[in-house]
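Numbering (mature numbering (1 follows the signal peptide of the UniProt record, and there is no 0)) for the sequence shown: -29 to -1, 1 to 105.
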Amino acid sequence: MTHARSILAAVALTAAGVLSPLGAPSAAAATYCDAAIVWQNAYVAGNSSTLHPNCISSQGAGPNNAVSSLQLSLRDCHHRAIGVDGHFGPETRRVLTSVQASLGISADGVYGPQTARAMSHRRVGGGPCLRITF
């Protein structure tokens, strides 16, 4: 009877997600931003392999369309004076850090998932900028 109770307890804990032979699911790791993608009707920096905005870009990145998309959003949605050249240089880092601070998030000058969700992006077809979720 004790053995049967042990098996039932293990089954119950596994069903509840407390004991799992596979472990707990983890969030997918962010990839490198290398493309401009359309996500939830907005142009955003993303990864060309995953077609997802869960990516990271920082000073030294580019030239690529992901950085251009970021620069366009900084200019058009956050009304910052910034050139659009696809290079993530010191000016892009400075402007991004300023926008991050104004949004109340970690102002580290790195574009990643937190920044992607907090900032506004250019809407496909024009119109007001919008925020994305993922």
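Idealized CB from N, CA, C, for every residue including glycine.
- The Cβ atoms of Gly80 and Arg64 lie closer than 8 Å to each other.
- Annotation for Val66: the continuous alpha helix (DSSP H) segment containing it runs Pro61 to Leu74.
- Distance from the CA of Asp56 to the CA of Gln42, rounded to the nearest whole angstrom, comes to 8 Å.
- Between the alpha carbons of Ala72 and Cys100 lies a gap of roughly 19 Å.
- The Cβ-Cβ distance between Thr86 and Ile76 falls below 8 Å.
- With contacts defined as CB atoms closer than 8 Å, Tyr14 and His92 qualify as a contacting pair.
- DSSP places Ala13 in the uninterrupted beta strand (DSSP E) bounded by Ala13 to Gly17.
- Annotation for Val9: Val95 place their beta carbon closer than 7 Å to its own, counting only its chain and skipping 5 residues before and after.
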